[in-house]
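Presented below is the structure to which this report refers.
Number of protein chains: 2
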Amino acid sequence: MPQLRLLSVIIFKKQTILKRIILIILVGIFTQHSISQTKLSEKLNLIPWPKEIKKATDNFILNSDFTIQINQKDAKKVVNAATKFLRRASNRTGVFLKNGFPSTTNKNASLRINFKQVSHPKLGIDESYTLEVKRDHIKLNATTDIGAIRGIETLLQLLKTDHNSSYFSGVIISDAPRFQWRGLMIDVARHFQPVAVLKRNLDAMAAVKMNVFHWHLTDDQGFRVESKVYPRLQEFASDGLYYTQNQIKDVVNYASRLGIRVVPEFDVPGHASAILTAYPELGSKEGYQYSIETNAGVFDPTLDPTNNKTYDFLKNLFTEIAPLFPDEYFHIGGDENEGKHWDQNKKISAFKKKHNLKNNHDLQTYFNIKLEKILLKLNKKLMGWDEIMTPTMPTTAVIHSWRGKNEGLKESTLIEAAKKGYQSVLSNGYYIDRMLSVKHHYSVDPIGDAKLTNKERAMILGGEATIWSELVTPLTIDSRIWPRTAAIAERYWSKKTVTDFDNMYKRLQVVSFQLEELGITHIRNKNVILRNLTQNQHVSSLTTLSAISEPLKIYSRNAGGTEYQMYSPFTLFADACNVDAEDAIYFNKIVATHIANPTPKTKKKIVYYFHKWSKGFVQFNKLKSNTKLEKLRPLYSSLNTVSNLFINAIKGNSKLLKTEITAAIKELKLPVEDVEIVIITSLEKLNNFL
Amino acid sequence: MPQLRLLSVIIFKKQTILKRIILIILVGIFTQHSISQTKLSEKLNLIPWPKEIKKATDNFILNSDFTIQINQKDAKKVVNAATKFLRRASNRTGVFLKNGFPSTTNKNASLRINFKQVSHPKLGIDESYTLEVKRDHIKLNATTDIGAIRGIETLLQLLKTDHNSSYFSGVIISDAPRFQWRGLMIDVARHFQPVAVLKRNLDAMAAVKMNVFHWHLTDDQGFRVESKVYPRLQEFASDGLYYTQNQIKDVVNYASRLGIRVVPEFDVPGHASAILTAYPELGSKEGYQYSIETNAGVFDPTLDPTNNKTYDFLKNLFTEIAPLFPDEYFHIGGDENEGKHWDQNKKISAFKKKHNLKNNHDLQTYFNIKLEKILLKLNKKLMGWDEIMTPTMPTTAVIHSWRGKNEGLKESTLIEAAKKGYQSVLSNGYYIDRMLSVKHHYSVDPIGDAKLTNKERAMILGGEATIWSELVTPLTIDSRIWPRTAAIAERYWSKKTVTDFDNMYKRLQVVSFQLEELGITHIRNKNVILRNLTQNQHVSSLTTLSAISEPLKIYSRNAGGTEYQMYSPFTLFADACNVDAEDAIYFNKIVATHIANPTPKTKKKIVYYFHKWSKGFVQFNKLKSNTKLEKLRPLYSSLNTVSNLFINAIKGNSKLLKTEITAAIKELKLPVEDVEIVIITSLEKLNNFL
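Top line first, the protein sequences correspond to chains C and D. Positions 0 to 689 (numbering that gives the first Met the number 0) are the ones given, in order, by the first sequence. Positions 0 to 689 (numbering that gives the first Met the number 0) are the ones given, in order, by the second sequence.
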């Protein structure tokens, strides 16, 4: 809110009693404004929350006469978004529209979209828009077509259906993003993700105003791009699943139409098992038998940075591939190279000495600088994971910060990068494959409390949620990305002060449901897995169990990286479960409330859940069993025991049962089928409380 | 069973008492064989049912050591299918496999696949295979790689999981198709279907051994192919949704790898509104304002067959497009041209006189013959809907029979075509968009009782299920195709004598569920629509209602073609409902059983349903209402009334309530939201019976 800041500057400069009064009045207005905003966010389910929003008096009723006008003829992105808008609005509300397409001439249209410039997705593009929903018209204004399509998504989130009608809530919005880089990285190397998966996720990204799709295309487990220059890559450097160049163009076009940049990543010199399987002569260890990796982990195969052939290869490959990606940023990975194979090669050691490279960091920087020159000729800016930030690395590189406190650092490398003069993007704290709660990710601010100059602050471009795919297949990927990424998208777009978790969580429930409109499968595919577990019998008993079960977190599901291989089954109970397990959230809340202030109502609610779990086990026992269900039996049985004990304890036998309950809870903690029951703490507290 | 036919010929030629005895013995063997087959089909859920199948003594247990060997290195189709086989088997059973990929060298592999020739999908290709599942090995032999992948699908249908293990049922199978043309036509003109929809349906087709994807690419509502020669087609002849040539290649490659031919259809000279919107100069009516059609129906815009420019256009277009489709058949539509615009054009009338063309049929034949010459130069055989079968049409054309008794003919045009010497394919009886029961479609045999010579019989290539997409979107298309098309696939593949509906229906339930493995959304998307109706509240009350509701049939949902336009909402209650409504099938069966032989058990089951519906209405009333739910209220309310009356009547007040029930049933018959309650007849019978 720049106006207010300006006012306070004036006030503090010439402070007198009169002006103090003015200040008080202004603070009053501000506070009132703040309060009304909070109220608005209780009513409207917008994510990300807009920069400025006011309630307008009346809503706009959607009926069959609804029309759209776009002020320009050359408006492919807006026509695309507006046409889809009509389908989505009609499908959501059931209203039959007479006009299924936007027009350029109808000046009395219900929704009038005005923008000034056709643009291409590019870092720093103007994405701002204003939106006015009044009783008799809707106006959407923007500088660029991309701003216009951001506004269209906001408008769709304002569309509700009640008993009498469908309507857009009356508002006046002036919106613009806080950060210009709001990304989602998808790893398609560990598990290949077909074009359809990417497209539907691009749709969802656009729905929450994200603008960078970081495409992690290569890793030890697969090189996923067709190369005509190096055809052995698609023949030998994957399990046969890769994108043709035409498919890549298709995805990039699709993203571009949604105002989303595509930043490709070719991870070098480490994470290179797949490349070296096809071209072993580029490897650092002579005579090593390279093969596609099928486990998870950090592996040794590394390109040889002392071999000119390596640079010929990368130059030719990037020259072939770079034109597929119009964006000016090009990610070269550069992470997790421990240099073991370098140390085991005498020639490389000799090379280091000769070139005065003191350690492997220096050698990698030598490599990175050569890469940067190759990319510069292709008009690309080099971006890499934070390991590339060595003392000799030029500040022209963009640093992608993935390490922070979890990795033993004081703070994320993002701040260090900004202070050293690098542009930087944050992913530390946004690793959604770690299966942590939405609350956790929502609480991470890219800048936080770091003391930075304005110049340093400007170096921080934004952030990226990252979904690494060791344990993620096309069947489950949507449920691992959504809805949490919508909360992260709000963190990147909305003001730093928008931090009320409970309020966001309420809005998230609605937006999560609306993602189904775009084909996101995070809700629907749960039952697909449960049906597979029961072999097409009723799934309700498993639904009950999964509503308090979460997959093991922070990679403990696949400790060591060898329990699961890339072709292991990912149709297990853990794959049907998700973080932020629904019943657990409610149960934990009720238990906390009950302990703070026990009432018959809270008691009744608690007992309701114990009965639900105990009944669930009865249903479970009625299923025709199979080997997969049998593996779940110990877990469900323990839950049943705990539940029945608590039902008895709450009836009045609490003292006598305390020890028995403690023992039963201990059983319930035992790891079964890679999930954890996330009500344990509440159960323990409740047992102590009774 | 050719051997048996041979034997009976011998027997009937030289019949003596001794031989009569032999006959009796043989009949005995045959009957026994028949019975054991029937028993096997009770146990094994194969669709289509194989030509010859015997039970082997032991099953093959699937464990983590499972491996596959393929006898040839050049075996892309088989490697693809075998790799997917491993994923599907692992995902279905939860067994972690140590070897995730097939090998060419491992001669002791669990599954050994041998084939002789790499082939390309082509009419008449050898698709036979033999499969032997024994205790310690599985052998799959085939002449071609396509035969091998057909066998892999059979093997997957033999894989079950029980209490102790996962196993392939022991069998000895020798299989081959009855018809060589087993197709599914998808209309992508009325509603565009993205590549992902096509690919998942191709996977499903392969799973039930279908081998022709007929791609209806153009119609009044859209021309869906990119043309570089005629770019106005993609600019003006659709709503912006079309396939790029690269996407077409991608789909054709994908199909080819599954052993599926792709036959494109470019519908001319009628159904041409879209083409003429882009190129009005090719139209038959001067000065006519052509525009993309958004309604359903038969429309007048037609190419001018007397204009040389028309042939230049088609020649250039087909020359550009034909190479995208390697199959030798090319479908030119040719249906439903009523010639109205021809009659309204004096030049066309003059042309007819000059060339001695007596009527519009003759004129269309003139057009078709010119087209056939164009296609011949492109090495394509012309195929068209049965209207092209005029007296002067050469028998080199392939006739696609869509008309029959429903269209006022004595029999389907298929038989007529075969008798006249045309090769022919049947779709009459397989119009799955008419929303008729699976029982209906399963009962249609392409040849039936028609008396044909062997030569005539050989002209009948097979059949095609057709999904016209006026009321079908990507969200619902799978549920409109599957599972019914699996039953049709059996009709095309299995012997004519495989007609036991109840047995097929039992097998279909399992195969339908397995289609989820391939990404088919027919089950999961139902709840997506129901959640949209409730706006993310519980859907169980709507599930209950939808289990006895079916969408209106035989195009009565969109009588006149104008209630729904191409951009109307298809997220309504009718879209969540499907034919063969599950509860209705069971309820109707129980009522019939009860009327034939009333027992306390049948009575109890009947009452169970009335309570279910009555409780459903209670739940429905608890939902926060919206305009879409309100539209369903009258229907649910009537169902509730009927249910409560029956509950009372069955308690003993039947006589008194008969009239009231009759009135309530009448209410329940009233059309609401384009569905019909398909238990009405049973309710009426029950009311009379009580």
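We put the beta carbon where it would ideally sit given N, CA and C, even for glycine. None of the values given here were measured: they were computed from a predicted structure.
Item                                                                                                                            : Value
Residues, ordered as in the chain, of the segment 228 to 250 of chain C that lie near chain D by beta-carbon distance below 8 Å : Asp238, Gly239, Thr243, Asn245, Gln246, Lys248, Asp249
Span separating the alpha-carbon of Asn105 (chain C) from that of Asn98 (chain C)                                               : 11 Å
Within 8 Å, strictly: CB atoms of Asp432 (chain D) and Thr465 (chain D)                                                         : yes
Chain-ordered neighbours of Phe366 (chain C) on chain D, where CB pairs are closer than 8 Å                                     : Ordered by position in chain D, no residue passes the 8 Å Cβ test against Phe366 (chain C), which lies about 32 Å from the chain.
Closer than 8 Å to chain E by CB, Phe222 (chain D)                                                                              : The chain inventory of the structure shown lacks chain E, comprising the protein chains C and D.
Endpoints, the alpha helix (DSSP H) within which Ala482 (chain C) is located                                                    : Before going further, note that residue 482 (chain C) is Pro rather than Ala in the sequence given. Neither: Pro482 (chain C) is in no alpha helix (DSSP H) and is coded neither H nor E.
Chain C contacts made by the segment 140 to 169 of chain D, where a contact means CB separation under 9 Å                       : Lys159, Thr160, Asp161, His162, Asn163, Ser164, Ser165
Lys53 (chain D) versus D:Pro47, D:Gly518, D:Val262, D:Leu39, residue with shortest Cα-Cα distance                               : D:Leu39
Classification of Arg260 (chain C) by the beta-carbon crowding that lies within 10 angstroms, buried from 16 upward             : buried
Leu669 (chain C), buried or exposed, once every other Cβ within 10 Å from all chains shown has been counted against 16          : exposed
Cutoff 8 Å; reference Val26 (chain D); Cβ partners in own chain excluding five residues on either side                          : With a pLDDT of only 47 at Val26 (chain D), under the threshold of 50, the placement of this residue in the model should not be trusted; the figure read from the coordinates follows. Nothing listed; no residue qualifies.
Residue-level contact to chain C via CB, Leu571 (chain D), 8 Å cutoff                                                           : yes
C-beta contact flag for Ala580 (chain C) and Ser539 (chain C) at 8 Å                                                            : no
For Glu549 (chain D), the residue or residues it bridges with in DSSP                                                           : D:Glu675
Element boundaries [alpha helix (DSSP H), containing Ser442 (chain D)]                                                          : 437 to 442
Contact under 8 Å by Cβ, Pro120 (chain D) with Gly258 (chain D)                                                                 : yes
8 Å Cβ cut-off: residues of chain D touching Tyr566 (chain C)                                                                   : Leu85, Arg86, Ser89, Leu96, Gly99, Phe100
Within chain D, the residues that Gln192 (chain C) reaches when beta carbons sit closer than 7 Å                                : None at all; the shortest Cβ gap to chain D is about 12 Å.
DSSP state of Asp218 (chain C) mapped onto helix, strand, coil                                                                  : strand
Buried versus exposed call for Glu285 (chain C) [16 or more other C-beta atoms within 10 Å across all chains shown]             : exposed
First through last residue of the beta strand (DSSP E) which encompasses Thr142 (chain C)                                       : 137 to 143
Spatial distance of Lys83 (chain C) from Ala147 (chain C) (CA atoms)                                                            : 14 Å
Val397 (chain C): first and last residue of the uninterrupted alpha helix (DSSP H) it sits in                                   : Segment 397 to 400 is the beta strand (DSSP E) holding Val397 (chain C); no alpha helix (DSSP H) there.
Members of the segment 194 to 208 of chain C that neighbour chain D once the beta carbon cut-off is set at 8 Å                  : Val194, Ala195, Lys198
Rounded distance between the beta-carbons of Ile646 (chain D) and His610 (chain D), thought under 8 Å                           : 7 Å
Any C-beta of chain D under 8 Å from that of Gly93 (chain C)                                                                    : yes
Beta-carbon neighbours of Glu629 (chain C), restricted to chain D and to distances below 8 Å                                    : His162
Beta-carbon neighbours of Thr533 (chain C), restricted to chain D and to distances below 8 Å                                    : Going along chain D, no residue has its Cβ under 8 Å from Thr533 (chain C), so there is no contact; the nearest lies around 10 Å.
Supposed close pair Tyr491 (chain D), Arg181 (chain D) - CB separation, criterion 8 Å                                           : 4 Å
Residue closest to Tyr328 (chain D), alpha-carbon to alpha-carbon, out of D:Asp361, D:Ile347, D:Val262                          : D:Val262
Where Tyr430 (chain C) falls: helix, strand or coil (DSSP)                                                                      : strand
Terminal residues of the beta strand (DSSP E) in which Asn113 (chain C) lies                                                    : 110 to 116
Between the CA atoms of Gly651 (chain C) and Leu470 (chain C) - distance to the nearest angstrom                                : 45 Å
Whole runs of the beta strand (DSSP E) within the segment 160 to 196 of chain C, excluding any shorter than 3 residues          : 165 to 167, 170 to 174, 180 to 186
Between the CA atoms of Ser168 (chain C) and Gln31 (chain C) - distance to the nearest angstrom                                 : Interpretation of Gln31 (chain C) is limited by its pLDDT of 43, a score under 50 that renders its predicted location unreliable; the figure taken from the coordinates is listed afterwards. Approximately 21 Å between the Cα atoms of the pair.
Reference Phe298 (chain D), options D:Trp612, D:Pro268, D:Pro325, D:Ala595, closest by Cα                                       : D:Pro268
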